[in-house]
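Report on one structure; see the data block that follows.
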Amino acid sequence: MLDTLSRLAYGFEVALTPGNLLYAFIGCLLGTFVGVLPGLGPLTTIALLLPLTYGMADPVSAIIMLGAITYGAMYGGSTTSILLRVPGEAASVITVIDGYEMAKQGRAGPALSIAAIGSFVAGTLSIIGLTLVGPLVSTWALSFGAPEYFSLALFGLLLAATLNGGRPLIGIGMALLGLIFGLVGLDPVSGMTRFTFGEVRILDGIDVVAVLMGLYGVGEILYNIEQRHNQSFIIGKVGKLMPSRQDWKDSGGAIGRGSLIGFVLGLLPGGGALLAVMASYMTEKRVSKHPEQFGKGAIAGVAGPESANNAAATAAFVPLLTLGIPGNIIAAVLLAALMMQNVQPGPLMMVEHPDMFWGVIASMYIGNVMLLVLNLPLVGLWIKLLSIPFWILGCVVMVISAIGAYSLANDFFNVGVLAVCGIIGYIVRKANIDMGPFVMAFILADLVDVSLSQSLLMGDGSPVILFTRPISATLLGLAVVYLLAQFWLIRKARSEKILEAIPVGD
Amino acid sequence: MPVAAKWTLAEVPSPNRVVGFGLLAAAIGFGLESLRLGLWNYGMPGIGLTPLLASIGMLPVSLIVMFDKPVRHDEGAFQPAPLLVGGAFVLYGIGLAYAGLLLPTFLFCLLWGLVIYRKPWPASLAVSLAITGGSWLLFGYLLSIPMPLWIE
Chain A
2 MLDTLSRLAY GFEVALTPGN LLYAFIGCLL GTFVGVLPGL GPLTTIALLL PLTYGMADPV
62 SAIIMLGAIT YGAMYGGSTT SILLRVPGEA ASVITVIDGY EMAKQGRAGP ALSIAAIGSF
122 VAGTLSIIGL TLVGPLVSTW ALSFGAPEYF SLALFGLLLA ATLNGGRPLI GIGMALLGLI
182 FGLVGLDPVS GMTRFTFGEV RILDGIDVVA VLMGLYGVGE ILYNIEQRHN QSFIIGKVGK
242 LMPSRQDWKD SGGAIGRGSL IGFVLGLLPG GGALLAVMAS YMTEKRVSKH PEQFGKGAIA
302 GVAGPESANN AAATAAFVPL LTLGIPGNII AAVLLAALMM QNVQPGPLMM VEHPDMFWGV
362 IASMYIGNVM LLVLNLPLVG LWIKLLSIPF WILGCVVMVI SAIGAYSLAN DFFNVGVLAV
422 CGIIGYIVRK ANIDMGPFVM AFILADLVDV SLSQSLLMGD GSPVILFTRP ISATLLGLAV
482 VYLLAQFWLI RKARSEKILE AIPVGD
Chain B
20 MPVAAKWTLA EVPSPNRVVG FGLLAAAIGF GLESLRLGLW NYGMPGIGLT PLLASIGMLP
80 VSLIVMFDKP VRHDEGAFQP APLLVGGAFV LYGIGLAYAG LLLPTFLFCL LWGLVIYRKP
140 WPASLAVSLA ITGGSWLLFG YLLSIPMPLW IE
């Protein structure tokens with residue numbers, strides 16, 4: 002315990018240098034600035050701003066800034082959920098229900114404050130959890146070999162593919178496609194090329210940032226063209242920011258429960274943010290003395306899910322930093338960013354890059370405080386941003402994306418990748434397909450491929466080794482049980498129309 | 020009013036079909052290429068093994084996606100405006116490579132305002148000039164990204 006605290010103190014030493022504090026500040030500001038713009042969710046924000054960290058000399062600073070962008074973008078997403086009923090991400094859908102109702106009643110101020118404070122408390126509690134759990138998982142993971150990593154990656158991808166909606170098969174299909182595209186380029190073991198078709202510019206693989214910017218930046222704008230053309234938002238009066246005594250009373254328990262639910266479900270390697278916010282909302286409705294107020298502006302309906310969302314987002318760092326397996330799509334993007342900085346997250350990260358490991362954790366504390374101090378007083382400014390017409394905003398994003406993609410390698414090839422991925426992003430969005438599993442598999446493809454090859458070599462060509470090692474066998478067994486349970490649940494949900502009963506507004 | 024509101028591409032297959040067909044094509048194409056790359060070479064797993072397994076997994080999924088009913092009620096036919104912008108964006112990318120930053124950016128923004136959003140000339144022109152100037156200022160001047168500004 003003392004050892005952990007001294008390492009954390011070292012992390013604060015790293016994060017509190019003036020340079021890193023400045024990067025955290027800029028990250029929070031930029032993340033909120035872009036995240037609050039209607040039509041741009043947290044993931045789009047991170048994808049758009051990722052190239053900014055490319056050229057930074059110090060990888061620790063780059064990751065600190067990216068972490069701050071993530072927090073800022075998530076807060077920006079909550080603002081649009083509450084004020085405009087435009088959820089920035091799937092997990093914000095639940096916030097929309099009561100948050101927007103509160104805004105309509107002229108109580109947007111307390112809703113925004115409680116969302117920010119709940120996120121802060123949940124984030125802080127989760128970071129404490131991460132500080133305590135992280136080293137334990139890292140030590141345990143040191144005993145992992147290739148079969149364990151293969152099974153863990155497979156299990157994580159399975160969870161990622163199936164946790165985000167009611168179409169698990171499509172999620173699995175997208176993950177498999179991501180796996181193939183992630184393998185394009187030179188094979189690190191044999192040195193042979195794979196699926197490059199003679200194109201030397203993809204020998205190092207397709208640039209994940211160009212793919213992300215295309216799928217989530219350009220694709221989102223194309224989708225918004227038909228969804229939000231000429232839409233003007235009517236923003237109600239925000240009112241006073243400070244919640245009343247009754248608001249505090251109603252929210253306190255919800256924040257605590259949301260934090261706990263979010264942290265536990267967020268630990269799942271595959272991401273449980275959506276699951277966490279839904280579980281939190283249902284819990285709050287169940288424990289409330291006035292369940293009939295839910296859906297009509299109950300502040301606990303904002304406090305619980307927002308806390309759960311933030312706690313789950315932070316908990317997703319546990320599998321990322323300790324196992325190298327991202328807990329959700331945002332963590333997957335951060336994994337890509339770490340790899341671009343030549344840092345491989347995993348059990349050895351704590352030993353090989355203690356400045357990065359503990360610096361990032363400490364910067365999360367700082368980012369949370371900064372966000373609270375910075376964003377609530379500036380809420381008026383963020384609201385003004387919402388009045389930017391979409392036809393100008395969309396055009397700016399398209400131009401920034403194109404130039405940003407070029408700047409990745411000072412090469413126009415990535416602009417082509419961006420454009421193609423943008424059109425693909427629009428098509429899959431129209432088909433209501435989540436590209437998260439694709440991106441996660443794309444990023445984890447090398448790990449899956451190398452660990453499978455090594456496992457087969459260890460087993461003299463036989464895959465039986467995957468089933469004879471206890472951890473690997475347990476993970477694969479869990480994967481099979483989980484998959485069967487998923488299909489059973491989906492069938493049950495479809496037959497009983499459970500999904501239709503969830504009140505997500507019109 | 021954007022052109023999206025004027026007409027739709029009802030005759031184009033639904034997005035689900037397009038995605039399903041894309042998955043099927045990818046499964047077959049990458050699967051065959053994986054076989055060519057080899058499944059077991061020099062006493063170790065070949066580089067085609069993992070992608071072949073993925074391709075095999077994708078085959079049934081692609082067929083299900085093609086014939087699955089849309090889950091959401093608002094999934095409609097493709098709209099022309101996003102596809103038009105997508106096409107224009109591809110041309111913009113090509114333009115950047117051959118004509119530098121300024122002219123393609125200006126033309127793309129002008130097309131965006133005038134054709135897609137049917138904004139008046141003065142507004143479209145002003146926004147196009149502002150975005151072009153702003154992008155030069157930010158990327159060319161402040162961040163010094165080595166991008167050609169003009170036709171070289």
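Protein chains in written order, with my numbering: chain A, 2 to 507; chain B, 20 to 171.
Cβ atoms here follow ideal geometry from the backbone N, Cα and C, with glycine treated the same way.
- Comparing alpha carbon positions, the residue from A:F182, A:Y150, A:Q342, A:L31 closest to B:G48 is A:F182.
- Residue range 19-36 is occupied by the alpha helix (DSSP H) that includes A:F34.
- When the beta-carbon positions are compared, A:A176 and A:V418 stay at least 7 Å from each other.
- Close CB contacts of A:P306 within its chain, under the 7 Å cut and outside five residues either way in sequence, are with I95, T96, G259, V278, S281, Y282 (chain order).
- Annotation for A:P88: S82, V94, V97 place their beta carbon closer than 6 Å to its own, counting only its chain and skipping 5 residues before and after.
- Assignment of beta-bridge partners to A:R246 by DSSP yields no partner.
- If you draw a straight line from the Cα of B:L162 to the Cα of A:G368, it is about 25 Å long.
- Against chain B, a Cβ distance below 8 Å from A:D188 picks out I66.
- The CB of B:P141 never comes closer than 8 Å to any CB in chain A; the least such distance is about 14 Å.
- A:H291 is classed as exposed because its beta carbon has fewer than 16 other beta carbons within 10 Å across all chains shown.
- Residue burial annotation: A:T469 is exposed, with fewer than 16 other C-beta atoms found within 10 angstroms of its C-beta.
- Under the 7 Å criterion on CB atoms, B:Y160 is classed as non-interfacial with respect to chain A.
- Our two residues, A:L223 and A:N415, have alpha carbons roughly 19 Å apart in a direct line.
- Contact of B:F49 with chain A is assigned, a C-beta pair being separated by under 7 Å.
- When DSSP assignments are scanned along the region 145-207 of chain A, no uninterrupted stretch of beta strand (DSSP E) that is 3 or more residues long falls wholly within it.
- The region 447-458 of chain A and the region 142-154 of chain A touch, with three or more beta-carbon pairs separated by less than 8 Å.
- Judged by DSSP secondary structure, A:A446 falls within the alpha helix (DSSP H) whose first and last residues are 437-459.
- With 16 or more other Cβ atoms from the protein chains shown falling within 10 Å of its own Cβ, A:N225 counts as buried.
- The Cβ of A:V416 sits closer than 7 Å to at least one Cβ of chain B.
- For A:S281, the enclosing alpha helix (DSSP H) stretches over residues 274-288.
- A Cβ of chain B is located within less than 7 Å of the beta carbon of A:I424.
- Identification of chain B residues near A:W489 by a Cβ-Cβ cut-off of 7 Å yields none; the smallest Cβ-Cβ distance measures about 17 Å.
- Boundaries of the alpha helix (DSSP H) harbouring B:I47: 34-56, taken from the DSSP string.
- For A:L9, the closest of A:I472, A:Y366, A:L349 by C-alpha to C-alpha distance is A:Y366.
- Separation of A:I171 and A:L133 (C-alpha to C-alpha, rounded to the nearest whole angstrom) is 36 Å.
- Taking the Cβ atoms as the reference, A:V361 lies roughly 7 Å from A:I65, within the contact range of under 8 Å.
- Just measuring C-alpha positions, the residue of A:L490, A:V380, A:V185, A:L143 sitting nearest A:L349 is A:L143.
- Identification of chain B residues near A:D450 by a Cβ-Cβ cut-off of 7 Å yields T69, ordered along the chain.
- The C-beta of A:C29 comes no closer than 7 Å to any C-beta of chain B.
- Taking 7 Å as the cut-off, the beta carbon of A:E102 is found closer than this to the beta carbon of A:K297.
- The beta carbon of B:A107 sits closer than 7 Å to the beta carbons of F127, L130 from its chain, once the five residues preceding and following it are set aside; these are given in chain order.
- Counting only residues of its own chain and dropping the five nearest sequence neighbours on each side, A:D99 has a CB closer than 6 Å to the CB of G298, A299, G302, V303.
- Counting only the Cα atoms, A:A420 lies some 19 Å from A:A432.
- Check the Cα spacing between A:M351 and each of A:N376, A:V334, A:G325: the tightest is with A:G325.
- Annotated three-state conformation of A:N415 is helix, per DSSP.
- Counting only runs of 4+ residues, the alpha helix (DSSP H) found wholly inside the region 326-400 of chain A occupies 330-341, 350-353, 355-376, 380-386, in chain order.
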